[in-house]
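J.:
Number of protein chains: 2
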Amino acid sequence: MAKKADVNAFCGVAQALMRMGDTWTLLIVRDAFFGMKRFSEFEKSLGISKNILAARLRKLVDFDIFERRRLEEPGQRYEYTLTKKGRDLWVVLTAMRLWSDKWVFGEENAPLVAIDTATGKRVAKVIAADADGNPVDPARLRWRLGAPRANEE
Amino acid sequence: MAKKADVNAFCGVAQALMRMGDTWTLLIVRDAFFGMKRFSEFEKSLGISKNILAARLRKLVDFDIFERRRLEEPGQRYEYTLTKKGRDLWVVLTAMRLWSDKWVFGEENAPLVAIDTATGKRVAKVIAADADGNPVDPARLRWRLGAPRANEE
DNA sequence: ATTACAGGTTGCACTTTGAAACCTGTAGTT
DNA sequence: AACTACAGGTTTCAAAGTGCAACCTGTAAT
Numbered sequence: 002m003a004k005k006a007d008v009n010a011f012c013g014v015a016q017a018l019m020r021m022g023d024t025w026t027l028l029i030v031r032d033a034f035f036g037m038k039r040f041s042e043f044e045k046s047l048g049i050s051k052n053i054l055a056a057r058l059r060k061l062v063d064f065d066i067f068e069r070r071r072l073e074e075p076g077q078r079y080e081y082t083l084t085k086k087g088r089d090l091w092v093v094l095t096a097m098r099l100w101s102d103k104w105v106f107g108e109e110n111a112p113l114v115a116i117d118t119a120t121g122k123r124v125a126k127v128i129a130a131d132a133d134g135n136p137v138d139p140a141r142l143r144w145r146l147g148a149p150r151a152n153e154e
Numbered sequence: 002m003a004k005k006a007d008v009n010a011f012c013g014v015a016q017a018l019m020r021m022g023d024t025w026t027l028l029i030v031r032d033a034f035f036g037m038k039r040f041s042e043f044e045k046s047l048g049i050s051k052n053i054l055a056a057r058l059r060k061l062v063d064f065d066i067f068e069r070r071r072l073e074e075p076g077q078r079y080e081y082t083l084t085k086k087g088r089d090l091w092v093v094l095t096a097m098r099l100w101s102d103k104w105v106f107g108e109e110n111a112p113l114v115a116i117d118t119a120t121g122k123r124v125a126k127v128i129a130a131d132a133d134g135n136p137v138d139p140a141r142l143r144w145r146l147g148a149p150r151a152n153e154e
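In order, the protein sequence lines correspond to chains W and L.
Sequential numbering from 2 applies to the first sequence in my numbering.
Sequential numbering from 2 applies to the second sequence in my numbering.
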């Protein structure tokens, strides 16, 4: 029987889930994208227990997804902000949100819409692309183990 | 304090996480994308307990992400295959995988590469796009509550 | 009748989660 | 100086979830 650690060691999906595969972590990240920074903001928004929130934030900081910064305020106050690594989770959240829009709410009933301020169009889908930005059809893929090669760039 | 159910009710991310926000569910879906169909295949691949696997598969079938079909074989054998709804999770998994390639393994050390058989190029990124397929820059978004409107399509 | 196998269920120890109470540092108020 | 308020936690403990091992079931081959 394969050990869990082995399975995870070389799978990016598993690695991502080790960092955010629970009920709360990605919701905290989501709230950070909406501008929340403070322990009490996350606590209030999510209705999460303080001990759980503290543990999750600690892990997110350990994983360098959040940054913890002391504030120049009375008492010991901190703010938690997304790092570049954390902000790069935006597309994961968006993919999940659009999946739910389609399959849970139905497109007509999406509760939240992101709109491109430049064009006025909504974010409607998330697509896989090659390095040049050309869309790739998931139906015509093959898989290869190991690192990317130059001629595939 | 906001109740958890309230928070979840109108957030696509939360809805997605309710369906797959645990250690195992998305790994089962991942294995299905690699062609696994049988209880014993998932069990062996993941090193997951039978009771947990059975519970997760039941939930996935309830959510219409997997389909359970009896096979014409000795004993009671079944296969679990992804529905359209389940196959639509491909982009979520890909977004997670590429995030890990970049931030956990490093681009040079990605353990698995997906290659477009038509062009020979690898899947290098996942991008948000409007309905016409034009990429949207996450830095220039605004948010609106409620359903999409026609002029945003 | 016995064995083999897929696909489970059940029982029980162990771990994680969650609600509530409590603690700590700083500042403003009495 | 004592008291209060507030953010950001930690501690405690009961309840829920996880995971291993043992057992069960239907079918077919030996």
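Glycine included, C-beta positions come from ideal geometry on N, C-alpha and C.
Quantities reported herein were computed from a predicted structural model and do not represent experimental measurements.
Give the residues of chain W in contact with M97 of chain L, contact being defined as C-beta atoms less than 7 Å apart.
T.: Chain W residues near M97 of chain L: G13, V14, A17, V93.
J.: May I have the straight-line CA-CA distance separating K103 of chain L from K85 of chain W, to the nearest angstrom?
T.: Rounded to the nearest angstrom, the two C-alpha atoms are 11 Å apart.
J.: Answer yes or no: does any C-beta atom of chain L fall closer than 8 Å to that of S41 of chain W?
T.: No, because no Cβ of chain L sits closer than 8 Å to the Cβ of S41 of chain W.
J.: Quick one: what does DSSP say L148 of chain W is sitting in, helix, strand or coil?
T.: Before going on, a small fix: residue 148 of chain W reads as Ala here, not Leu. Coil at A148 of chain W, not helix or strand.
J.: With a 10 Å radius around its C-beta and 16 neighbouring C-beta atoms as the bar for buried, classify Q77 of chain L as buried or exposed.
T.: Exposed is the call here.
J.: For T95 of chain L, which of helix, strand or coil comes out of DSSP?
T.: DSSP places T95 of chain L in helix when its eight states are reduced to three.
J.: According to the Cβ coordinates, are P149 of chain W and A96 of chain L closer than 8 Å?
T.: No, Cβ-Cβ distance for P149 of chain W and A96 of chain L is not below 8 Å.
J.: Anything in chain W within Cβ reach of E109 of chain L, meaning under 7 Å, just list it in chain order.
T.: Under the 7 Å cutoff, chain W gives A148.
J.: Note down, in chain order, every chain L residue with its Cβ under 9 Å from the Cβ of R31 of chain W.
T.: Simply C12, V14, A15.
J.: Classify K122 of chain W as helix, strand or coil using the three-state DSSP reduction.
T.: K122 of chain W falls in the coil class under three-state DSSP.
J.: Rounded to whole angstroms, what's the CA-CA distance from F67 of chain W to A55 of chain W? Just pull it up for me.
T.: Approximately 13 Å, taken between the alpha carbons.
J.: With H, G and I counted as helix, E and B as strand and the rest as coil, what does DSSP make of F11 of chain L?
T.: DSSP places F11 of chain L in coil when its eight states are reduced to three.
J.: Secondary structure at R69 of chain W, three-state DSSP: helix, strand or coil?
T.: Correct three-state label for R69 of chain W: strand.
J.: In this structure, how does DSSP classify E80 of chain W when only helix, strand and coil are distinguished?
T.: Strand at E80 of chain W.
J.: So does A15 of chain W have its beta carbon nearer than 7 Å to some heavy atom of the ligand COA?
T.: The model on display carries no ligand, and the ligand COA is accordingly not part of it.
J.: Should L61 of chain W and W25 of chain W be called a contact, given that it needs their Cβ atoms to be closer than 8 Å?
T.: Taking 8 Å as the Cβ cut-off, L61 of chain W and W25 of chain W do not qualify as a contacting pair.
J.: Taking S101 of chain L as the query, report the chain W residues whose CB atoms sit under 7 Å from its CB, ordered along the chain.
T.: Ordered by position in chain W, the residues that pass the 7 Å Cβ test against S101 of chain L are G13, Q16, A17.
J.: Name the chain W residues whose beta carbon is nearer than 8 Å to that of D63 of chain L?
T.: Residues of chain W passing the Cβ test: none, with the nearest at roughly 13 Å.
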